[in-house]
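Written out below as structure tokens is the structure these notes cover.
Number of protein chains: 2
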Amino acid sequence: MTKTRSQKAAPLPLDSIIAGDCVEAMNALPENSIDLIFADPPYNLQLRGDLHRPDNSRVDAVDDHWDQFASFQAYDQFTREWLAAARRVLKPDGAIWVIGSYHNIFRVGASLQDMGYWILNDVVWRKSNPMPNFRGKRFTNAHETMIWASKSEGAKYTFNYEALKALNEGVQMRSDWVIPICNGGERLKDANGDKAHPTQKPEALLHRVLVGATNPGDVVLDPFFGTGTTGAVAKMLGRHFIGIEREEAYRKVAAERLRHVRKYDREALQVSTSKRAEPRVPFGQLVERGMLRPGEELFSMNGRHKAKVRADGTLIGEDVKGSIHQVGAHLEGAPSCNGWTYWCFRRDGKTVPIDLLRQQIRSEMI
Amino acid sequence: MTKTRSQKAAPLPLDSIIAGDCVEAMNALPENSIDLIFADPPYNLQLRGDLHRPDNSRVDAVDDHWDQFASFQAYDQFTREWLAAARRVLKPDGAIWVIGSYHNIFRVGASLQDMGYWILNDVVWRKSNPMPNFRGKRFTNAHETMIWASKSEGAKYTFNYEALKALNEGVQMRSDWVIPICNGGERLKDANGDKAHPTQKPEALLHRVLVGATNPGDVVLDPFFGTGTTGAVAKMLGRHFIGIEREEAYRKVAAERLRHVRKYDREALQVSTSKRAEPRVPFGQLVERGMLRPGEELFSMNGRHKAKVRADGTLIGEDVKGSIHQVGAHLEGAPSCNGWTYWCFRRDGKTVPIDLLRQQIRSEMI
DNA sequence: GGTTGCACTGAATCTTTGA
DNA sequence: TTCAAAGATTCAGTGCAAC
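Line order of the protein sequences matches chains E and L. Heads up: the first sequence begins at 1 in full-length UniProt numbering, then just goes up one per residue. Heads up: the second sequence begins at 1 in full-length UniProt numbering, then just goes up one per residue.
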């Protein structure tokens, strides 16, 4: 278990991008030297044919060679190799974040546990504007999962509780974060105007990770650097970064990006909390939650009409079925209708507007 | 591959609770007989001595380092055993849902993939009122993860897309669901007024799972039945349930609960259906019935193209002839085209989609 | 200059039927 | 089994061009 002195003496290549395979590159770094690792490894998406939107445009899929693995076994071996190299360079009280989707995250999580990492939380990135499911065959894939783990059980990891609480308007930060996907001006483009990297992560995501899990001056390593979001946010926040990237095209884009990043930049102060309008409450939630029973009757405010609630949150009235709004509009012969203020239900002989139930749900959501 | 007649003949113990170990109980059920499995397995990785193998033997703790490894291994074995038994009883087009937290869900997910299940989505239950993290050392653990998987790749699982969309106010259902934890009147209490089960799931969660992934009359199996939330919601929704539970105390509470549950009436159980479920209508029928005349012109929805109806129900357009779909696709330079929504005809100066005529025929078919 | 409308896009394991 | 054809299917947002 003795380590050679030469390994310890090798200086860290701070604030630079290392070219090459991440396992080899990490093995060339001194052990126990990194405070935080943020890793966005290939997801092993296993996409088959083309996918088109309903308007017949083709989806620009992630079909890059670096995301191709022959089997789960091959992917597991790849995962264990880079996790082992990462573990060696991590300080005993360091921590790791890994992001993934259902294609790979379960394998990553199990490997982390098997190798002695200690999971602290899984954190869900809820995308406010995900790509829809175009064929209507599954749920909209609206989130990705991050695993936050310390090097071992009992390690004294960094967690800036108060800073995160402040970021979250004074209440404890939860394990689900609502953040938009990376597009608009933040999305890096190549010379042709195409996206420079297929899976660029939003800076807001890294901002929260680094504020919460590092201190100024800490060293943050990203073994799958891509276009360098981790480095950019680290630099803004006064942390050191080390990026490792195999593809020259990505390294070039990242280097150029980092040249323009300034510490304590205005952007770094951007608070990622989305402006909070009154949250939308689907009528179906009243049914799911048992506030209204399927089969129960609703009555129009004017007393002229009634309709029955169905299990999927639609109504069935005289001759018509559909949403609370559609049925209301049809019964009144009106072009539109606000079902929330139109319909009432009966409790203990009293007639109560359903909007009261919506208000109740909203008050729970704050 | 021949199956014994006795297995096929064994009747399903519908709408009942089976006492005993779930692996043994599932092995006693006929194979390929279950439409949906909902499983809420024990998470108790941290509570070391409390882990049982399927044969009821206890997993012994060894020394600290080995113990951790042994626990994960034992948990994996437990997981693979019940997942194998579940797989046997599941119909080829059946599906499974498993719920868990970061303590166990990564191991469950990896096992599912290794055993040939095909993950369709991971779904995040985002708790609107989670327990705070009292010590301020981690993020508020505000979610749990469910994995939805079919028995194998390419299987024709049930997904009631339109009903879920209706439940969600007309936009497609996402992979993150905001639902409160189970408390208040729904939370079952024992004779002492303590909660009857430590992890009772909310009925709203099961409502959404069962509306989305089963049809009325389907058989839903819950191998870790607990206090029977799955059975209660299945009964309300007109699905059959089979529960398996080892602890007598939970079985008693569940049985009492189920006695009081009433099925919703038939009308309330009807949900919005997809067009896919409706009968096919050949375009030629519109011509045969005289709804469209041979020689009549159709116009594309966007007004850019037109084509003539021929007596055999094909179209002839600029340069191209074929089905309504083929001609539409060709004129738009698109890989495919739904001719029903693409083409319109003229009546009394108004432009009307031909899909209206199809709906008319369908309504006469009922 | 402000508004409206159209085109485009994002880590995607994305169909079903019948010959 | 494979293949071809029918036909079902999208949300939030950006950016640019046309009014």
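Note that CB positions come from ideal geometry on N, CA and C, so glycine has one too.
Can you say whether T273(E) is buried or exposed, counting buried as having 16 or more other CB atoms within 10 angstroms of its CB? Caution is warranted here: a pLDDT of 37 is assigned to T273(E), below 50, making its placement in the model unreliable, and no coordinate value can be reported.
Taking E318(L) as the reference, give the member of A311(L), G333(L) and D312(L) with the closest Cα. That would be G333(L), whose Cα lies nearest to the Cα of E318(L).
Buried versus exposed call for Y264(E) [16 or more other C-beta atoms within 10 Å across all chains shown]: Of the residues assessed, Y264(E) falls on the exposed side of the cut-off, its CB having fewer than 16 other CB atoms within 10 angstroms.
How about K201(E) and T229(E): do their beta carbons lie closer than 8 Å? The answer is yes: Cβ separation under 8 Å.
For chain E, find out if any of its Cβ atoms is closer than 8 Å to the Cβ of Y250(L); answer yes or no. No - not a single Cβ of chain E is within 8 Å of the one on Y250(L).
Minimum length 3: unbroken beta strand (DSSP E) runs contained in the UniProt domain "RAMA" (265-364) of chain L: Listed in chain order, the complete beta strand (DSSP E) runs (minimum 3 residues) inside the UniProt domain "RAMA" (265-364) of chain L are 297-300, 306-309, 315-317, 320-322, 343-347 and 350-353.
Residue span of the beta strand (DSSP E) that contains G243(E), given as start and end: Annotation for G243(E): the continuous beta strand (DSSP E) segment containing it runs H240 to E245.
Could you work out which residues of chain E lie near F345(L), taking near to mean beta carbons separated by less than 8 Å? Taking a Cβ-Cβ cut-off of 8 Å, F345(L) has no neighbours in chain E, whose nearest Cβ is about 22 Å from it.
Kindly identify the DSSP beta-bridge partner or partners of D222(E). Beta-bridge pairing links D222(E) to G243(E).
H207(L) versus A255(L), A163(L) and A196(L), residue with shortest Cα-Cα distance: Here the closest residue by C-alpha is A163(L).
Taking only beta-carbon positions, decide if I18(E) is within less than 8 Å of chain L. No, its Cβ sits nowhere closer than 8 Å to a Cβ of chain L.
Does E364(E) get closer than 8 Å to chain L when you measure Cβ to Cβ? Judged by the 8 Å Cβ criterion, E364(E) is in contact with chain L.
Could you spell out the range, first to last residue, of the alpha helix (DSSP H) harbouring T229(E)? Annotation: the continuous alpha helix (DSSP H) that includes T229(E) extends over T229 to M236.
Would you check if the segment 282-290 of chain L and the segment 303-320 of chain L touch, i.e. whether three or more CB-CB distances between them fall below 8 Å? Taking 8 Å as the limit for Cβ pairs, the verdict is that the segment 282-290 of chain L does touch the segment 303-320 of chain L.
Determine, using beta carbons only, whether A10(E) comes closer than 8 Å to chain L. Answer no: the Cβ-Cβ gap between A10(E) and chain L never drops below 8 Å.
Assigned exposure category for P42(E) - 16 Cβ within 10 Å defines buried: Classification for P42(E): buried.
Apart from the five residues on each side of it in sequence, which residues of its chain come closer than 6 Å, Cβ to Cβ, to G212(L)? Beyond the five residues adjoining it in sequence on each side, G212(L) comes within less than 6 Å, by CB distance, of N160 and L164 in the same chain, given in chain order.
So what does D122(L) bridge to, in DSSP terms? Under DSSP, D122(L) takes part in a beta bridge, and its partners are I147(L).
Check whether the segment 55-69 of chain E and the segment 84-96 of chain E are in contact - that is, three or more C-beta pairs closer than 8 Å. Not touching, per the Cβ criterion.
8 Å Cβ cutoff met for L269(L) and G295(L): Not a contact, by the Cβ cut-off of 8 Å.
Quick one: list the residues of chain E neighbouring R208(L), beta-carbon separation under 7 Å, in chain order. Within chain E, the C-beta atoms nearer than 7 Å to that of R208(L) come from E288, in chain order.
Report the neighbours of A311(E) on chain L: residues whose CB is nearer than 7 Å to its CB, in chain order. Counting only Cβ-Cβ distances below 7 Å, A311(E) has contacts in chain L at V211, L237, Y264, A268, L269 and V271, in chain order.
Nearest to I96(L) by CA position, among N104(L), Q113(L) and Y102(L), is which residue? Comparing Cα positions, the closest option is Q113(L).
Using the three-state DSSP reduction, which class does S111(E) fall into: helix, strand or coil? Three-state result, S111(E): helix.
Euclidean distance between Cα positions of S336(L) and Q172(L): Distance between the alpha carbons of S336(L) and Q172(L): 23 Å.
Assuming T227(E) contacts V209(E) under a Cβ cut-off of 8 Å, what Cβ separation, rounded to an integer in Å, is found between them? Beta-carbon to beta-carbon, T227(E) and V209(E) are separated by about 17 Å, too far to satisfy the 8 Å threshold.
Output the distance between the C-alpha atoms of R80(E) and A110(E), rounded to the nearest integer angstrom. In this structure, the straight-line span from the alpha carbon of R80(E) to that of A110(E) is close to 10 Å.
Can you name the start and end residues of the beta strand (DSSP E) that G100(E) belongs to? Segment L90 to G100, the beta strand (DSSP E) holding G100(E).
Just checking: is the beta-carbon of Y117(E) within a distance shorter than 8 Å of some beta-carbon in chain L? The beta-carbon of Y117(E) is placed no less than 8 Å from the nearest beta-carbon of chain L.
Who are the neighbours of K201(L) on chain E, taking C-beta pairs under 8 Å? Chain order gives no chain E residues near K201(L), where near means a beta carbon separation below 8 Å; the closest approach is about 13 Å.
Go ahead and pull the three-state DSSP assignment for K156(L). For K156(L), the three-state secondary structure derived from DSSP is coil.
With a threshold of 8 Å between beta-carbons, can Q360(E) be considered close to chain L, or not? Closer than 8 Å to the CB of Q360(E) there is not a single CB belonging to chain L.
Where does I105(L) fall in DSSP's three states? Three-state DSSP puts I105(L) in a helix.
Just to confirm my understanding: we take D176(L), look at its own chain, exclude 5 residues before and 5 after, and list those with CB closer than 6 Å. What are they? Closer than 6 Å at Cβ, skipping near neighbours: V124 and R126.
When DSSP builds the beta bridges, which residues end up paired with D176(E)? Per the DSSP secondary-structure output, D176(E) pairs in a beta bridge with V124(E).
CA-CA distance, A84(L) and D21(L)? Distance between the alpha carbons of A84(L) and D21(L): 14 Å.
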